[in-house]
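For the sequence shown, the residue numbers in full-length UniProt numbering are 1 to 418.
Cβ atoms here follow ideal geometry from the backbone N, Cα and C, with glycine treated the same way.
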Amino acid sequence: MGIPFQPSDLLKPNPQVIQMVFEHLGELVMNATRQSLDPAMRAAAEDVCAEFPELIPVETRLLMGFFIQLRTMLEQCGINDFSFNDLVRPTHDRLVKIFSYTINFVRFRETHTSVIDENFNKAESTKARIETLYAENQDMEQRLEEMKHNRKAMEVAVKEKMRRNDELKARLLELRKGQERVAEQLERAKAEKARAQATLEEKTERLVKARQESEKLRPYVLQSPAALQNALTELSDNLMRDKSQIDLLERRGRALQTSGDSFTVVQNDVQACVKVLEEIAVELQKEEEEDARAAKNRDALAERGNNVREVEQNEKLLQRQLKKWEERTEEMRRKHRERDEANKAKMDELREIQRQLRDERAEKGREMERRRVRIEQTEKKMADLKDNIENEVHSAHEEYLKLESHIKLYITEMEQSI
């Protein structure tokens, strides 16, 4: 393992050397060093006695923190009675047991590195997949909330546009009715103007004819003053009548001109109304496009909702699979406990055989002591199988068969030795 250690250090253990060996073991197995433990222990010391830091020296707090980490590691190795005395006042028997269990644990871990890494990678990939799905679910929920918010805003805008559209339609109907009324008035005014122009032309023609007749009758007027006077009176009367008719026609012409100007203004208003109607038609087309986009957004929102439901179904499926794996793991634990009990009974038989062999072969005590250490190592391997069953669910039965054959081999060796 690359740890500097001599047999004399085991026979006469030195606390400083043993602590250094344990530090190497902790760094090898748990990757725990003084640098990694110092921040947490310094923060704990500041919380406990910040005003009197000299009460807990640096070496003491690092040793205490390392003791906690080391005890956790040795519990996994099968040493459940590890105490602080094993660091400050180590003994030969305790060190032999602790190092034996630790070395067996390290060897067992090295022989099963591929299985451990495979199960660890599977667990990490499952965990990463769950985290990814959870993050995607959160993202989908956030996007769904945003879409719902946008949908509400769009519904309000659509309602406002529909209300405005209804108002514009009502206004359009009113403008069309007004346009029809103005068109009727314009037609009536044009007909009245045409009749007035025809009357004016007729009166003008009659006036020209009267003047021509007057010119023709002028030579005859000189012959008779009385007739001339009568003709003059008659012509004056006719002239007054024609003048009054001309004035009347001029007034009617001016009235018609005024009506024509009014009709021109009305026509301009009608053209403006037509332009407004065209703008309204453009707005209606835009409204229809907005409605189409809103429908498209609603379809997209529905599709997003389906995606969210699909993610939720995948999450439920993964949860059911996880629950199924937990049930299978619990079943394997139960089977392992049953196998443990059978192994314990076999180990009791082995201990009884060992006791008989020790009584019969006292002169070979040291060799039997080594065999007892091997049997304890076998027990340690069985305990390791129990502690690591969650990481070896699929290979538990094979490992048990290997262990059973190993025990039978030891029994055969002991029988041969006997």
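Beta-carbon gap between residue i and residue j smaller than 8 angstroms
i, j, result
"residue 144", "residue 304", "yes"
"residue 96", "residue 29", "no"
"residue 165", "residue 278", "no"
"residue 308", "residue 154", "no"
"residue 191", "residue 252", "no"
"residue 66", "residue 40", "no"
"residue 381", "residue 108", "yes"
"residue 37", "residue 92", "no"
"residue 357", "residue 368", "yes"
"residue 245", "residue 216", "no"
"residue 147", "residue 301", "yes"
"residue 98", "residue 86", "yes"
Residue i - containing alpha helix (DSSP H), residue span
i, result
"residue 71", "58 to 77"
"residue 111", "92 to 111"
Option in the options with minimal Cα separation from residue i
i, options, result
"residue 193", "174, 180, 254, 179", "254"
"residue 377", "79, 229, 117, 277", "79"
"residue 312", "135, 262, 68", "135"
"residue 198", "250, 165, 153, 122", "250"
"residue 269", "155, 139, 181", "181"
"residue 185", "267, 309, 111", "267"
"residue 188", "246, 130, 256", "256"
"residue 100", "265, 112, 77, 126", "77"
"residue 271", "261, 179, 334", "179"
"residue 239", "259, 211, 258", "211"
Distance between beta carbons of residue j and residue i, contact taken as under 8 angstroms
i, j, result
"residue 70", "residue 26", "6 angstroms"
"residue 172", "residue 280", "6 angstroms"
"residue 15", "residue 88", "5 angstroms"
"residue 82", "residue 74", "5 angstroms"
"residue 294", "residue 158", "6 angstroms"
"residue 207", "residue 276", "That pair is no contact at about 49 angstroms."
Local conformation of residue i per DSSP, three classes
i, result
"residue 12", "coil"
"residue 81", "coil"
"residue 295", "helix"
"residue 189", "helix"
"residue 374", "helix"
"residue 6", "coil"
"residue 412", "helix"
"residue 31", "coil"
"residue 361", "coil"
"residue 89", "coil"
heavy atom of the ligand NAD below 7 angstroms from residue i C-beta
i, result
"residue 155", "This structure simply doesn't include the ligand NAD, nor any ligand for that matter."
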